[in-house]
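Below is one structure, written out as structure tokens, with a few remarks after it.
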Amino acid sequence: MGNWDIFLGDLAGGEPVRLTTFPGFDGLPGMAPNGKLLAWARARGGGFMAGIKTHIMDVSSLNIGPENYEPLNPEWGRPMSDDPPAAE
Numbered sequence: 002m003g004n005w006d007i008f009l010g011d012l013a014g015g016e017p018v019r020l021t022t023f024p025g026f027d028g029l030p031g032m033a034p035n036g037k038l039l040a041w042a043r044a045r046g047g048g049f050m051a052g053i054k055t056h057i058m059d060v061s062s063l064n065i066g067p068e069n070y071e072p073l074n075p076e077w078g079r080p081m082s083d084d085p086p087a088a089e
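Per my numbering, the sequence shown starts with residue 2, numbered consecutively.
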């Protein structure tokens, strides 16, 4: 599978900042509308994209850890659900 990580680049130039250091897949990043939070996918399983979980990081502090993990999808604030949407 290889190692995929997420970097933060400065459009004005300079070196990119490495945000993740996981030995497997970290990818599919998405920035919150307020620009303060970044969501991304991390695969912890044995195969490509296996055991994937969504992680959220406070980009302003670049602080990651268990206290910053929220079981939310990248639709920002909508809880994940296996239930299909109700018919209208």
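Note that beta-carbon positions come from the ideal geometry of N, C-alpha and C, so glycine has one too. The structure displayed is predicted, hence computed values, not measured ones.
- Within the DSSP bridge table, the entry for Ala-13 names no partner.
- Here the alpha carbon of Gly-46 sits roughly 21 angstroms from the alpha carbon of Leu-20.
- Beyond the five residues adjoining it in sequence on each side, Gly-31 comes within less than 8 angstroms, by CB distance, of Leu-39, Ala-40, Trp-41 and Pro-75 in the same chain, given in chain order.
- Out of Arg-43, Glu-16 and Pro-34, the CA that lies nearest to the CA of Asp-6 is found in Arg-43.
- When the alpha-carbon of Asp-59 is set against those of Asp-27, Gly-10, Ala-33 and Gly-52, the nearest one is in Ala-33.
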